[in-house]
Amino acid sequence: MNRKRWTALAIAAALFIMSVLVNTIGALLSDEAGTWSENWLTLMEEPFSEEVVEDGDPLQKIAVLEVSGVIEEAAEADALLASPLYNHQTFLQMIRQVKEDDDVKAVVLRINSPGGGVAESAEIHDQLLKLKNETKKPIYVSMGAMAASGGYYIATAGDKIFASPETITGSIGVIMQSLNYEQLAKKYGVELVTIKSGPYKDIMNPARKMTDAERDILQRLINQSYEAFVDVIAEGRKLPEETVRKLADGRIYDGRQAKALRLIDELGYLDDAIAALKKEHRLADAQVVKYVSGAPWSSLFALASSKAKPDSEAAELLRLLSQPSSPRLMYLYAE
Numbered sequence: 001m002n003r004k005r006w007t008a009l010a011i012a013a014a015l016f017i018m019s020v021l022v023n024t025i026g027a028l029l030s031d032e033a034g035t036w037s038e039n040w041l042t043l044m045e046e047p048f049s050e051e052v053v054e055d056g057d058p059l060q061k062i063a064v065l066e067v068s069g070v071i072e073e074a075a076e077a078d079a080l081l082a083s084p085l086y087n088h089q090t091f092l093q094m095i096r097q098v099k100e101d102d103d104v105k106a107v108v109l110r111i112n113s114p115g116g117g118v119a120e121s122a123e124i125h126d127q128l129l130k131l132k133n134e135t136k137k138p139i140y141v142s143m144g145a146m147a148a149s150g151g152y153y154i155a156t157a158g159d160k161i162f163a164s165p166e167t168i169t170g171s172i173g174v175i176m177q178s179l180n181y182e183q184l185a186k187k188y189g190v191e192l193v194t195i196k197s198g199p200y201k202d203i204m205n206p207a208r209k210m211t212d213a214e215r216d217i218l219q220r221l222i223n224q225s226y227e228a229f230v231d232v233i234a235e236g237r238k239l240p241e242e243t244v245r246k247l248a249d250g251r252i253y254d255g256r257q258a259k260a261l262r263l264i265d266e267l268g269y270l271d272d273a274i275a276a277l278k279k280e281h282r283l284a285d286a287q288v289v290k291y292v293s294g295a296p297w298s299s300l301f302a303l304a305s306s307k308a309k310p311d312s313e314a315a316e317l318l319r320l321l322s323q324p325s326s327p328r329l330m331y332l333y334a335e
């Protein structure tokens, strides 16, 4: 990180700390110090906030829920410094909030994602279906620049899908990847010692070549997840299964192609999805709110934790060895 970025980070942190101190002192000098403290603690614990983006009747709200970035649940130890783009547990809480809030009459799901984990995508899809079926609240989907693979998987829970002509979508399929650094390790005299309880315990070991038997085991897992993806699209888009299979070969489509193939319903942007929802569900006077996740200082931590790239093969090997090798099934558009 260069000097200018460190300076900007320091200034932002200082301003935040000064703001907290001023508010704290002011509250302590008032008769409502106890109430302020309780409110502050509550605010600190809230994983997301509600932001009004279009004025209207607060008793008739349209909630915009945004999925931006890779759909993946970060490890608990990495949660604080994780990317502020997507937080899986926070997004699930947003769905629960919409479900419980009687003032929210409809949802716009805004997706800008290349997809992500099979488990996380399936969980979101399941929760969206429960929201729709149990509350009868309509869900319209607005695709951003990309809504591919797992991003498209969750979109199929919507009643109507909008995408721009330039949206990248599709990439219907499953992928599992791992690095093989066997030759690199040999070059530097590094040997990975493995003691295991069974022949397949170290499947996809990055320090050796995969066996045919191991590949067959993983391919069966891939095929099962692929079948689930096909079923979700066939049901959500009301398409014949054989039609979906022809489309689900991993290729990507732009918005125009997706509409012609009935993978989406309309060409349009976020405003178009909101306007259609208002018109088609008698919500002309509705207030449009957006659920915004993450504390305002989360990006500061993410910025401070960024590291320079390794400048040598040896450094790269050390980085690879320091990370656990746990390949995952992914509904992910891997460029």
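Just so we're aligned: 188 in the UniProt record's numbering is position 188 of the sequence shown, and the numbers increase by one with no gaps anywhere. The beta-carbon is built from N, C-alpha and C at its ideal position, and this holds for glycine as well.
- request: From the DSSP output, read off the bridge partner residues of Gly117.
  value: Indexing the sequence shown from 1 puts residue 117 at position 117. Beta-bridge pairing links Gly117 to Met330.
- prompt: Would you call Ser121 buried or exposed, if buried means 16 or more other Cβ atoms sit within 10 Å of its Cβ?
  reply: Within the sequence shown, residue 121 is the residue found at index 121, counting from 1. By the 10 Å Cβ count, Ser121 comes out buried.
- request: Measure the CB-CB distance between Arg237 and Leu263 and report whether it falls below 8 Å.
  value: The residue labelled residue 237 in the question sits at position 237 within the sequence shown. The residue labelled residue 263 in the question sits at position 263 within the sequence shown. Going by C-beta atoms, Arg237 is nearer than 8 Å to Leu263.
message: Please classify Thr167 as buried or exposed, where buried requires at least 16 other C-beta atoms within 10 Å of its C-beta.
response: Numbered from 1 along the sequence shown, position 167 holds the residue referred to as residue 167. Under this definition Thr167 is a buried residue.
message: Distance check for Val118 and Arg96, CA to CA, integer angstroms please.
response: For the purposes of this step, residue 96 is taken as residue 96 along the sequence shown, with counting starting at 1. For the purposes of this step, residue 118 is taken as residue 118 along the sequence shown, with counting starting at 1. Near 21 Å, if we compare the C-alpha coordinates of Val118 and Arg96.
query: On the three-pair Cβ rule with 8 Å, is the stretch 130 to 146 touching the stretch 259 to 279?
result: With the rule of 3 Cβ pairs closer than 8 Å, the stretch 130 to 146 counts as touching the stretch 259 to 279.
- request: Return the first residue and the last residue of the beta strand (DSSP E) that Ala63 is part of.
  value: The count along the sequence shown starts at 1 and reaches residue 63 at position 63. Where Ala63 is concerned, the enclosing beta strand (DSSP E) stretches over Asp57 to Ser68.
message: Spatial neighbours of Leu41 within its chain, please: C-beta separation below 7 Å, excluding the five flanking residues on both sides.
response: Within the sequence shown, numbered from 1, the residue matching residue 41 stands at position 41. Low confidence applies here, because Leu41 scores a pLDDT of 47, under 50, leaving its location unreliable and the question unanswered by this model.
- request: Find the nearest neighbour of Gly151 within the set Gln177, Val232 and Asn205, judged by alpha-carbon distance.
  value: Position 151 of the sequence shown, counted from the first residue, corresponds to residue 151. Nearest option by C-alpha distance: Val232.
- request: Measure the C-alpha to C-alpha separation of Ile124 and Ser68 and round it to an integer number of angstroms.
  value: Here the question's residue 124 lines up with position 124 in the sequence shown. Here the question's residue 68 lines up with position 68 in the sequence shown. Approximately 13 Å, taken between the alpha carbons.
message: Please report the straight-line C-alpha distance between Ala260 and Gln93, rounded to a whole angstrom.
response: Within the sequence shown, the letter at position 260 stands for residue 260. Within the sequence shown, the letter at position 93 stands for residue 93. Going by the C-alpha atoms only, they are around 35 Å apart.
- request: Report yes if the C-beta of Arg208 is less than 7 Å from at least one heavy atom of the ligand MG; otherwise report no.
  value: The ligand MG is absent from the structure shown, which contains no ligands of any kind.
- request: For Val53, collect the residues of the same chain with a Cβ closer than 6 Å to its Cβ; drop the 5 residues on either side in sequence, then sort them by chain order.
  value: Your numbering for residue 53 matches position 53 in the sequence shown. Cβ neighbours of Val53 beyond the five flanking positions: Val288 and Lys290.
task: Flag this pair as yes or no: are the beta carbons of Val292 and Ser49 separated by less than 8 Å?
output: For the purposes of this step, residue 292 is identified with residue 292 of the sequence shown, where counting begins at 1. For the purposes of this step, residue 49 is identified with residue 49 of the sequence shown, where counting begins at 1. Cβ distance < 8 Å, so Val292 and Ser49 count as in contact.
query: How far does the alpha helix (DSSP H) with Glu50 in it reach, from first residue to last?
result: Taking the sequence shown and counting its residues from 1, one reaches residue 50 at position 50. Glu50 -> not in any alpha helix (DSSP H); beta strand (DSSP E) instead, spanning Phe48 to Glu54.
- prompt: Name the DSSP beta bridge partners of Ala147, please?
  reply: Your numbering for residue 147 matches position 147 in the sequence shown. DSSP lists Ser113 and Thr169 as partners of Ala147.
query: Would you call the CB atoms of Ile111 and Ala157 closer than 8 Å?
result: Here the question's residue 111 lines up with position 111 in the sequence shown. Here the question's residue 157 lines up with position 157 in the sequence shown. No, the pair does not count as a contact, with Cβ atoms beyond the cut-off.
task: Scan the UniProt domain "Peptidase S49" (133 to 282) and note each continuous alpha helix (DSSP H) run of 4 residues or more that stays entirely inside, going in chain order.
output: 150 to 155, 182 to 187, 212 to 237, 241 to 247, 255 to 260 and 270 to 280
field: Straight-line gap, Glu241 to Val193 (C-alpha atoms, nearest Å)
entry: Counted from its first residue, the sequence shown places residue 241 at position 241. Counted from its first residue, the sequence shown places residue 193 at position 193. The alpha-carbon atoms of Glu241 and Val193 are separated by roughly 46 Å.
- prompt: Using the C-alpha atoms, what's the distance from Pro47 back to Gln89?
  reply: Working through the sequence shown from its first residue, we reach residue 89 at position 89. Working through the sequence shown from its first residue, we reach residue 47 at position 47. So the two alpha carbons sit approximately 9 Å from each other.
Those residues which DSSP pairs with Val289 across a bridge: The residue given as residue 289 occupies position 289 in the sequence shown. DSSP links Val289 through a beta bridge to Val52 and Ala63.
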